[in-house]
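**Student:** Numbering (the numbering used here), first residue to last: 2 to 236.
To start, I am sharing the structure in question, which I have written as structure tokens.
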């Protein structure tokens, strides 16, 4: 039925927002709600973001879990940083291939707020990001833009300005979008995404290559596209 992508800086309130969104959806929808995050895959965040190969492996595991879970019979919430726009594009493609609804919930918080919350968690003995990992993730964060189809429809929470709860405006709007009359949303993603030939019945390796290449198509020029293709499939 839907794929919800949580997005935000490290320690910006994403997991809190995701938990309240799950509760709100369970009260208003008969659809099963599936939460996918690092703990559900038995992954430690500091270990998973320690270097690029491990981070790439983390994204691959999350993407595979989403691919298995997303369908027209459930609501899937991906609670992770999802900070790279190319990766959000890949998740959007999975939603399109399944013919489901799609939206992004961005927890908007500046670096100082996130750092203070992370330090507070560490002082209380709660899971927190190591300082060097936190700095690296903040530096590489790519803010979602509702003008991009892979970031639309976009809902924004502001944890530094308001306490997050089930009745937060963004959560209420997201629940209405996911369970109510989407035709009145005024968004190009208010309808179910329609699968294309390219996103149906393809092998996982080819699908990953196609996603990377198609994102290049959105971002680049034809010469760049051909260069990427030739590197992946040399004659």
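In this text, a Cβ means the ideal position worked out from N, Cα and C, and glycines have one as well.
The model shown is predicted, which means the values in this text are computed figures rather than measured ones.
Quick check on residue 207: buried or exposed, where buried means 16 or more other Cβ atoms within 10 Å of its Cβ?
**Tutor:** Per-residue confidence for residue 207 stands at a pLDDT of 42, beneath the threshold of 50, marking its modelled position as unreliable; no derived number is given.
**Student:** Could you tell me which residues DSSP puts in a beta bridge with residue 109?
**Tutor:** Partner(s): none; residue 109 has no beta bridge.
**Student:** Beta-carbon separation of residue 100 and residue 158 under 8 Å?
**Tutor:** For residue 100 and residue 158, no; Cβs fall outside 8 Å.
**Student:** Residues in the same chain with beta-carbon distance under 8 Å from residue 122, minus the five sequence neighbours each way, listed in chain order, please.
**Tutor:** 12, 128, 129
**Student:** Got a sec? Which residues, its chain only, sit under 7 Å from residue 70 by beta carbon, not counting five neighbours each side?
**Tutor:** 35, 37, 77
**Student:** Go ahead and label residue 41 buried or exposed: buried means 16 or more other beta carbons lie within 10 angstroms of its beta carbon, across all protein chains shown.
**Tutor:** By the 10 Å Cβ count, residue 41 comes out exposed.
**Student:** If you scan the region 128-179 from start to end, which runs of the alpha helix (DSSP H) of 4 or more residues do you find wholly inside it?
**Tutor:** 132-140
**Student:** Residue 155 to residue 85, Cα distance in whole Å?
**Tutor:** 15 Å
**Student:** If the criterion is Cβ atoms closer than 8 Å, does the pair residue 4 and residue 103 meet it?
**Tutor:** Taking 8 Å as the Cβ cut-off, residue 4 and residue 103 qualify as a contacting pair.
**Student:** Report back the beta-carbon spacing between residue 6 and residue 105 to the nearest angstrom; my notes put them in contact at under 8 Å.
**Tutor:** 5 Å
**Student:** Distance check for residue 196 and residue 109, CA to CA, integer angstroms please.
**Tutor:** If you draw a straight line from the Cα of residue 109 to the Cα of residue 196, it is about 31 Å long.
**Student:** Tell me the DSSP secondary structure of residue 23 in three-state form.
**Tutor:** helix
**Student:** Decide if residue 10 is buried, meaning its Cβ has at least 16 other Cβ atoms within 10 Å, or exposed.
**Tutor:** buried
**Student:** If you run the structure through DSSP and keep just helix, strand and coil, what is residue 9?
**Tutor:** When secondary structure is reduced to three states using DSSP, residue 9 falls in the strand class.
**Student:** Go to residue 36, then tell me how far its beta strand (DSSP E) extends in each direction, as first and last residue.
**Tutor:** 34-38
**Student:** Just reading off the alpha helix (DSSP H) that residue 68 is part of, what are its end residues?
**Tutor:** 53-70
**Student:** Over what stretch of residues does the alpha helix (DSSP H) that includes residue 50 continue unbroken?
**Tutor:** No alpha helix (DSSP H) holds residue 50; DSSP gives it neither H nor E.
**Student:** Look up residue 74 in the DSSP assignment and say whether it is helix, strand or coil.
**Tutor:** Residue 74 sits in coil when the DSSP states are folded into three classes, being neither helix nor strand.
**Student:** Could you pull the start and end residues of the alpha helix (DSSP H) that residue 86 belongs to?
**Tutor:** 86-99
**Student:** With DSSP as the reference, label residue 82 as helix, strand or coil.
**Tutor:** coil
**Student:** Thinking just about the alpha-carbon of each residue, which of 113, 56, 116, 114 is nearest to the one in residue 88?
**Tutor:** 56
**Student:** Measure the C-alpha to C-alpha separation of residue 116 and residue 48 and round it to an integer number of angstroms.
**Tutor:** 19 Å
**Student:** What residue from 112, 165, 67 has the CA that sits closest to residue 140's CA?
**Tutor:** 112
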